[in-house]
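This report refers to the structure that appears directly beneath it.
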DNA sequence: ATCTAACCGAGACGGTACGTCGAGTCTTGAA
DNA sequence: TTCAAGACTCGACGTACCGTCTCGGTTAGAT
């Protein structure tokens, strides 16, 4: 977020130490006590920081959480990652979806991620920021892999790539959100097969 | 919900008028002030009811909201509805998905539904109740239509129907949750076509 | 004070235990930490009471303090006290003024009384309440003794009794407020003599 | 005040413009918002000055206010004033007390003066400074007039002049502090008469 | 004529307390 | 026993100021 507050504090004088302490505290706390019991007051206390320092730089609890996630991904930065591309689309997609399933199963990420999704649900501004800063880059990688498959003739040229990505990763995400069942590798594989081949019966 | 409280109040003496007033007030309020500002106190005041009457019969804010939704669907009850089945699966699915899109676009349902989803995200018990009482019956109707298509040879016999339903309705729901774009009829149609035919290019 | 709050809480349901705990805590705290550092939060914590319970019944810190004093004097109630009247006005007044000086010298009363005066200085409503409930009864006793002296021919009939009281007790009070010097019995005696005889030289 | 701070700032480099701006701002603000809502931040903002500049030169809010009053009286300085001395003590005292009453009635001085008195009540150091710098010189003038009356045989030689001053000006000041009634010329006159003649009845 | 140490405006910082809201519990009196 | 009403303790909210602490930028006075 790092949205400009109405009084426009002087970002040049901002304390980097406090910023980091706040993001770390927020991320840890949401994992420990859950999102519902996460409070600005608690974050400030854990971070050893005045509440005002949080209110000065973030408009809401959700914005802090969002920046905490951003800070995490920034740690992985500079790598300009790409999805695996062995030439076998189906195999590659299975590899990636299995990894996604594993990540979602990691209890370390479950509660914070769930918390972030809760906020996104309620806050359009946060949803937009999420789409742009966190989900966007990853989605671009996915689409790039699909584009590569289009060039290789595996996927049709007029495919809606956004929709394709949604159809591949959506079921996993939905099952996670709604706790609709276990996120197994077998499930990941079945999604890939079903999406690629379509629902329709073929003779 | 109507979960049993630990003191197990005597349901026989329960005031039906208060129950209805509470559910109505909850549904209206969540639409007016949003989920974040919805409070038990506010519901009680609007319903002209003591707070204790709410705490006596419901374990949480989310449970009240959930029952409010249940009450809505019960109003439509007794009809044993089914999805349209003209013999043309693709056309039927488009019809239904367009209707779903329209419903999600209805501002009257947007905020309450979003609120319910927020709670479900955080509360596994509520998620289970939602899956069983609200989403379940509708999902069964969808799967029934697909089963009919299997019988007609339009869909393969070994298709995972749950996954199929997710693949058809998931994108619409995800786009709505994340406010990822307009929910148009054209989008609904494209989902159906893509899901049925699969992503893979065919010669 | 016990001023009516705007929401007019139901005094019948008021917790007497909380009320007493609050007044006691306020009185003790002001003696321990001084008026400047006296806080509603501190009073609530010491009294084992929610802040809201204070805000519900009192409009300000000063009003609590005032009621704390009222409660003290009510403890001495039922006695219908009167000032000593031996027939010798000068001796009686010296007795009473010496007692007043002793009281002001008592460190137990100094800080709370000073605190109350601070509030009175700033708050006209509180000043009026003080004049009526705390200072008034005592002043009436003083005037009654002077009236008795008028009847005995010791004081002239057209004397302004309010002014007389002020002239007798004022110097003591002012010296105390301004810390203008020690409040000795000798000083008390000199006040009485000077006030009774007047400043003017007599042949 | 101008009390030495522990870091002993270099008074030679002190900005006179800032000092004046601070004192002016403090005096104006206390008149506008009242003493309770007077804040160092507010003064600094109004004066266009950094907070540190206030903390560097004054130890407390009260000290600033005190200096603001000092600055006012310094404006009237260099004249070596004296109270009127026509030879008629009673008339002269009535003149001066009427003037005092008028001053206390001036709303322009009421709030600031009340604020200063509030601080004096709580802060012994400030009380001493007040007694020495502000009240002292004026009291000396009053005592000088009384001494002149002693020489003229109007007042007895063994009169306690401090007590006499207190007895004359005290009632006015007390009535003002406690808002005990209107400060009229008639009241001023009655004080003088009562104090001079004493309370005692004379045949 | 520069150097340099202080003051200066500005304002971020860790804190304390404010006065308010709502949570969930408890008590009272009427039905 | 349920209900409306609402007082209670408690915890968090978001704000206002506290007094301390840099940060650059002036602005002397001593070199």
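Residue numbers (the UniProt record's numbering), protein chains in the order written: chain A, 1 to 203; chain B, 1 to 203; chain C, 1 to 203; chain D, 1 to 203. Note that CB positions come from ideal geometry on N, CA and C, so glycine has one too.
> To the nearest angstrom, how far is it from the Cα of residue 188/D to the Cα of residue 54/A?
Replying inline: Between residue 188/D and residue 54/A, the C-alpha separation is close to 59 angstroms.
>> On the DSSP letters alone, give me the boundaries of the alpha helix (DSSP H) that residue 30/C sits inside.
In response: Per DSSP, residue 30/C belongs to the alpha helix (DSSP H) from 16-33.
>> Can you pull the chain D neighbours of residue 52/C, defined as C-beta to C-beta under 7 angstroms?
In response: The premise fails here: residue 52/C is roughly 22 angstroms from chain D at the closest Cβ pair, so nothing lies under 7 angstroms.
> Going along the chain, which residues of the region 107-121 of chain D sit with their C-beta nearer than 7 angstroms to a C-beta in chain C?
Replying inline: If the cut-off is 7 angstroms between Cβ atoms, the region 107-121 of chain D has 114, 117, 118, 120 and 121 near chain C.
> So residue 111/A packs on residue 34/A, CB below 8 angstroms; how close in whole Å?
Replying inline: With 8 angstroms as the limit, residue 111/A and residue 34/A qualify as a contact, their Cβ atoms being about 6 angstroms apart.
>> Below 7 angstroms on C-beta distance, what does residue 186/C contact in chain D?
In response: Under the 7 angstroms cutoff, chain D gives no residues; its nearest Cβ is about 11 angstroms from residue 186/C.
> Which runs of the alpha helix (DSSP H), 4 residues or longer, sit entirely within the region 33-121 of chain B?
Replying inline: Whole alpha helix (DSSP H) segments, 4+ residues: 40-47, 51-57, 61-75 and 89-105.
> Who does residue 155/B pair with in a DSSP beta bridge?
Replying inline: Looking at the DSSP assignment, residue 155/B forms a beta bridge with 200/A.
> For a contact meaning CB atoms closer than 7 angstroms, what does residue 156/A contact in chain B?
Replying inline: Chain B residues near residue 156/A: 201.
> How would you list, in chain order, the residues of chain B whose beta-carbon sits under 7 angstroms from the beta-carbon of residue 179/A?
Replying inline: Within 7 angstroms Cβ-Cβ: 124 and 127.
> If you follow the alpha helix (DSSP H) that residue 166/D is part of, which residue opens it and which one closes it?
Replying inline: Residues 161-177.
> At what residues does the alpha helix (DSSP H) containing residue 223/D begin and finish?
Replying inline: Outside the displayed range of chain D (1 to 203) lies residue 223/D, so it cannot be described from this structure.
> What residues of chain D sit near residue 151/C, judged by a beta carbon separation below 8 angstroms?
Replying inline: Listed by position along chain D, the residues whose Cβ is nearer than 8 angstroms to that of residue 151/C form an empty set, because the closest Cβ is around 11 angstroms away.
>> Counting only Cβ pairs nearer than 7 angstroms, list the residues of chain A close to residue 171/B.
In response: Simply 163, 166, 167 and 170.
> In chain order, what residues of the same chain have a beta carbon less than 8 angstroms from the beta carbon of residue 98/B, not counting five sequence neighbours either side?
Replying inline: So the qualifying residues of the chain are 185, 188 and 189.
> By Cβ distance below 7 angstroms, which residues in the same chain neighbour residue 127/B in space, the five residues on each side in sequence not counted?
Replying inline: Cβ within range, chain order: 120.
> Quick one: does the C-beta of residue 157/D sit closer than 8 angstroms to a heavy atom of the ligand PLP?
Replying inline: As far as ligands go, the structure on display features none, and thus does not contain the ligand PLP.
>> Using the Cβ count rule (16 or more neighbours within 10 Å means buried), how would you classify residue 10/D?
In response: By the neighbour-count criterion, in which 16 or more other beta carbons inside 10 Å mark a residue as buried, residue 10/D falls on the exposed side.
>> At the level of alpha carbons, what is the spacing between residue 78/B and residue 18/C?
In response: Note that residue 78/B scores 49 on pLDDT, short of 50, meaning its location in the model is unreliable; the coordinates nonetheless yield the value given after this. Their Cα atoms are separated by approximately 56 angstroms.
>> For a quick check, are the C-beta atoms of residue 168/C and residue 101/C less than 9 angstroms apart?
In response: It is not a contact, given that the beta carbons lie outside the stated cut-off.
>> Between residue 191/D and chain C, is any beta-carbon pair separated by less than 9 angstroms?
In response: At a cut-off of 9 angstroms, the C-beta of residue 191/D has a neighbouring C-beta in chain C.
> Can residue 206/A and residue 129/A be called in contact, C-beta distance under 9 angstroms?
Replying inline: Look at the range of chain A in this structure, 1 to 203, and you will see that residue 206/A is not part of it.
> Any idea what DSSP makes of residue 146/B, helix, strand or coil?
Replying inline: Per DSSP, reduced to three states, the secondary structure at residue 146/B is helical.
> For residue 124/B, does the three-state DSSP call read helix, strand or coil?
Replying inline: Helix.
>> Using only the alpha-carbon positions, how far apart do residue 143/C and residue 51/D sit?
In response: Residue 143/C and residue 51/D have their C-alpha atoms roughly 52 angstroms apart.
>> Can you give me the C-alpha to C-alpha distance between residue 15/A and residue 95/A, rounded to a whole angstrom?
In response: Answer to the nearest angstrom: the Cα atoms are 42 angstroms apart.
> Given that residue 88/C touches chain D, what residues does it touch there, using C-beta distances under 8 angstroms?
Replying inline: The premise fails here: residue 88/C is roughly 13 angstroms from chain D at the closest Cβ pair, so nothing lies under 8 angstroms.
>> My assumption, with CB atoms under 8 angstroms, is that residue 133/B sits in contact with residue 70/B. Please give the rounded CB distance.
In response: About 6 angstroms separates the two Cβ atoms, so the contact holds.
> Quick one: is residue 166/B buried, meaning 16 or more other Cβ sit within 10 Å of its Cβ, or exposed?
Replying inline: Flag for residue 166/B reads buried.
>> Whole angstroms are fine: how far does the CA of residue 41/D sit from the CA of residue 105/D?
In response: Cα to Cα, the separation comes out at about 30 angstroms.
> Listing by chain order, which chain A residues have their CB less than 8 angstroms from the CB of residue 160/B?
Replying inline: Neighbours of residue 160/B on chain A, chain order: 190 and 194.
>> What would DSSP say about residue 10/B, mapped onto helix, strand or coil?
In response: If DSSP states are grouped into helix, strand and coil, residue 10/B belongs with coil.
> How many angstroms separate the CA atom of residue 23/B from the CA atom of residue 36/B?
Replying inline: Looking at the two C-alpha atoms, the distance is approximately 17 angstroms.
>> Is it buried or exposed, residue 86/B, if we count other Cβ atoms within 10 angstroms and call 16 or more buried?
In response: Classified as exposed, residue 86/B has fewer than 16 neighbouring CB atoms from the shown chains inside 10 Å of its CB.
> With burial defined as no fewer than 16 other Cβ atoms inside 10 Å of the residue's Cβ, what is the status of residue 164/A: buried or exposed?
Replying inline: Per the 10 Å Cβ criterion, buried.
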